[in-house]
Amino acid sequence: MTNIYKEKDADLSILEGVTIGMIGYGNQSRSQALNLRDHGLTVIVGNRNDEYKKRAQADGFPTYSIPDTVKKARVLFFLIPDEIMSKVFKKQIKPYLKKHDALIFASGYNIAFGLITPPEFIDVLLIAPRMIGIGVRETFLNKEGYFSFIGVHQDASGEAKQKLLALSKGVGGLTRAGIEVTFKEEAVLDLYSEQGFSPAFSQIMMRPISILKEAGYPDEAILMEIVLSGKMKYIFKSIIDNGIINQIFYLPERAQYGALSRCLRLRHPIEKIAEIQREIVDHIENGGFAKEWEAFTAKLKFKFIKFMASRVGFAKLEKRVRESLKMPEVDLWEEVPYPTEGDIKKKKEILEELRKFQGFKEF
Ligand code: NDP
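Numbering (my numbering), first residue to last: 1049 to 1411.
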């Protein structure tokens, strides 16, 4: 059985007189800091001396360097990008931690894949909002609330669970519910929705566009029908409100018949995609993806793949249609720079992988 927690399960009084330190003041941190303060808790911010720090000061928080924040606070929200966490942890956090401090992550990634190993004398907690940073604040203010994944990785103080629930409530993470998971579960689910679901969804959106194009329909009309009209936005909202199956019954009868009968036809062919999705989840679970991403070659591969994605035929088609419909567009061609001479020299190692990419041409 999954443990699900609500606000009534948390006791904020255990945080009275406790200084809470936010490490970083970006998307998540700002919203969480403001929510904690609105609950009457004492919050300070640790950041480098730059725009983010100025923002924290303008919001009225006392600010310090990261090491000074670690020294002053008993609870630390570690809210900087996952990619740089292990370096910052080693140099600016670990040496200053005290017995029974609590360190909170909003993503399980670094702990799950062994990139950070915290000392045994601290509590290590997970409070991972299923919500973007701005939404954490907005849904707190409008009382709609959001869901969170929460969990204890290490309980040195013997009070980790009570701290977890109080802090989850403090950031607004129990208003809808806190679902208990391990760090590994959170990390795998997060990576899997990025790698197993979203790309399959993008392919499934692009494929009918190519089919209709080959059949001679006008580009503008195709893109309008499949994506640009925003009809999908309402279907997605209906999925959230009513359920994946139930949303079909809110469509006109002809659409219901068409959707249900063709859904059956697609059930078996989709197994091919599911095979790849299974490989993807296995690769994430056994730490293969984390290893791949941490390696230098993956960063280089990423650079090439991003460059090529900005120049595939589909990107050009979208750019042209959006221009002709006077819709806002991002000029990826401008934004994603050409790989440098140095990158190109090193590309041998990743060439095989790049050859699988649609429209790949030798650099
Ligand atoms: P941001 O990208 O918004 O973090 C920016 C903060 O990180 C700034 O304060 C910045 O300060 C600091 N930072 C960047 N580089 C460094 C550095 N080298 N040394 C020290 N500080 C640095 O992060 P998010 O809020 O997006 O993500 C934070 C955590 O929340 C991550 O674990 C993420 O996975 C998780 N999360 C994020 C969600 C989201 O919607 N964004 C949703 C759920 C979880 P400065 O540059 O001044 O140093």
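Note that beta-carbon positions come from the ideal geometry of N, C-alpha and C, so glycine has one too.
query                                                                                                          : result
Under the three-state DSSP convention, the category D1171 falls into                                           : strand
V1136 CB to nearest heavy atom of ligand 1 below 7 Å                                                           : yes
I1132: CB within 7 Å of a non-hydrogen atom of ligand 1                                                        : yes
Other residues of its chain near V1369: CB distance less than 7 Å, five sequence neighbours each side excluded : D1267, E1268, L1271
Enclosing beta strand (DSSP E) for F1355 [first to last residue]                                               : Premise fails: F1355 lies in the alpha helix (DSSP H), 1344-1357, not in any beta strand (DSSP E).
Backbone CA spacing between E1371 and D1379 [nearest angstrom]                                                 : 11 Å
The region 1199-1208 touching the region 1164-1178, judged by at least three CB pairs closer than 8 Å          : yes
Range covered by the beta strand (DSSP E) that runs through A1263                                              : No beta strand (DSSP E) holds A1263; DSSP gives it neither H nor E.
The beta strand (DSSP E) enclosing L1202, as first and last residue numbers                                    : Looking at the sequence itself, residue 1202 is Gln, so the reference to Leu does not match. From DSSP, the beta strand (DSSP E) with Q1202 extends over 1195-1202.
At least three beta-carbon pairs within less than 8 Å, the region 1215-1234 to the region 1188-1206            : yes
Cα-Cα separation between I1092 and Q1076, rounded to whole angstroms                                           : 15 Å
Per DSSP, the bridge partner or partners of M1070                                                              : V1093, F1125
Residue(s) in a DSSP beta bridge with A1176                                                                    : F1197
Close Cβ partners of R1178 (< 8 Å) along its chain, the five nearest in sequence each way excluded             : Y1194, F1195, S1196, F1197
The region 1326-1344 in contact with the region 1250-1269 per 3-pair CB rule at 8 Å                            : no
Helix, strand or coil at G1407 according to DSSP, with G and I counted as helix                                : coil
Within 8 Å, strictly: CB atoms of S1079 and G1181                                                              : yes
Helix, strand or coil at I1227 according to DSSP, with G and I counted as helix                                : strand
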